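The structure appears below as structure tokens.
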Amino acid sequence: VSSKHLTVACPRFDKMLSGDWMEAKQIYLDGCRHVDLEGNFDPAALGILLNVLHGKTRIIPKTLDLDMLTKVAVLVDDFGCNEAIQIWSDLWIQKLEIELPMVSEAASEEYLKNWIVISAVFGKPSVFRKATQLVLLHGSDSINSSGLPIPATVDESINSKRIDLIQQLLDVLYNLIDTLNGNDGLYSGEHRCVLLGALLRQMTEKGIPWTRPDAPFSGFSFEHLAKCIIEFWTP
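Per the working numbering, residue 49 is the first one in the sequence shown, and the count goes up by one each step.
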């Protein structure tokens, strides 16, 4: 590969090959300088990125699947070459974006994390908003970046908002249980028992515990919990 191409496109290589680093000074027997990349980078993704940086347009794939685009995004984030690859990343994302599910549809956490990485690295705010909204509505556990370049503040914000949304639904449900268990005069004793029994039975059928669960509410998603509550019927 050409060190000139890499140093122009990637700040990381510019520092590595222009400063006092060993990689900048040592010339090996093959007449080249060698660079050891730290990180568990995918070889195929690295090949695609290097071909883009070297302008080998004929062999650059016109489409990438979500997994490969995520691997390329991880490299781009590490190398800092977002601008150099923008034309290609725009093309890849445009062809993949139509696969993003509607907000009303569930998707796997890994799938949505990949979209969060891609939208964050390549600066796609509309895609980022949609992916994070899907996580908020359909996520059944706290999101974990799992080594992906998702800023900690993004993880924390998504997890906090998800907990707040679910907490609001649970407050409605368990406050109703407290009311039916109380003696505030709103219901007769017999009526209260009938309503409470029906509610607890339906909660059991839908897998909702009788006692309030603790945050982060693993196993619960806002969308599923809201649907369950809407479907409750009164005898």
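Backbone N, C-alpha and C define an ideal beta-carbon position, used for all residues, glycine too. Treat the numbers as computed from the prediction; the structure is a model and nothing was measured.
Item	Value
Whole-angstrom distance between Asp212 and His272, CA atom to CA atom	15 Å
Cβ distance (whole Å) where Phe170 is taken to contact Ile191 below 8 Å	In fact, because the Cβ distance is near 19 Å, the residues do not count as touching under 8 Å.
Local conformation of Ile146 per DSSP, three classes	coil
Three-state secondary structure (DSSP) of Ser193	coil
Cβ-Cβ distance between Val100 and Trp136 below 7 Å	yes
Between the CA atoms of Leu224 and Ile277 - distance to the nearest angstrom	12 Å
Sequence ranges, alpha helix (DSSP H) only - wholly within the region 159–224, length at least 4	173–186
Identity of the residue in Asp203, Pro261, Glu253, Ser269 nearest Trp281 by Cα	Glu253
C-alpha gap between Gly103 and Glu131, whole angstroms	14 Å
Ile133 beta carbon less than 7 Å from that of Val122	no
Pick from Asp115, Phe127, Ser205, Arg210 that is closest to Gly187, judged by C-alpha positions	Arg210
Pick from Ile96, Ile107, Glu147, Gly128 that is closest to Met116, judged by C-alpha positions	Ile96
Length of the line joining the Cα atoms of Asn229 and Ala246	13 Å
Three-state secondary structure assigned by DSSP to His272	helix
Distance between Asp189 and Phe268 (C-alpha atoms, nearest Å)	7 Å
Backbone CA spacing between Arg106 and Ile214 [nearest angstrom]	50 Å
Cβ pair Tyr295, Arg260 closer than 7 Å	This structure leaves residue 295 out entirely; the chain is present only between 49 and 283.
Residue of Pro109, Met251, Lys119 minimising C-alpha distance to Leu94	Lys119
Beta-carbon separation (whole angstroms), Ala179 vs Ser167, contact threshold 8 Å	6 Å
Buried versus exposed call for Phe265 [16 or more other C-beta atoms within 10 Å across all chains shown]	buried
Cβ shell of Tyr159 (< 6 Å), same chain only, five flanking positions each side left out	none
Buried or exposed by the 16-neighbour rule on C-beta atoms within 10 Å, applied to Cys241	exposed
Residue range of the unbroken alpha helix (DSSP H) whose run includes Leu234	Careful: Leu234 lies outside any alpha helix (DSSP H) and carries neither H nor E.
Straight-line gap, Ala154 to Glu238 (C-alpha atoms, nearest Å)	41 Å
Backbone secondary structure at Gly128 - three-state DSSP	coil
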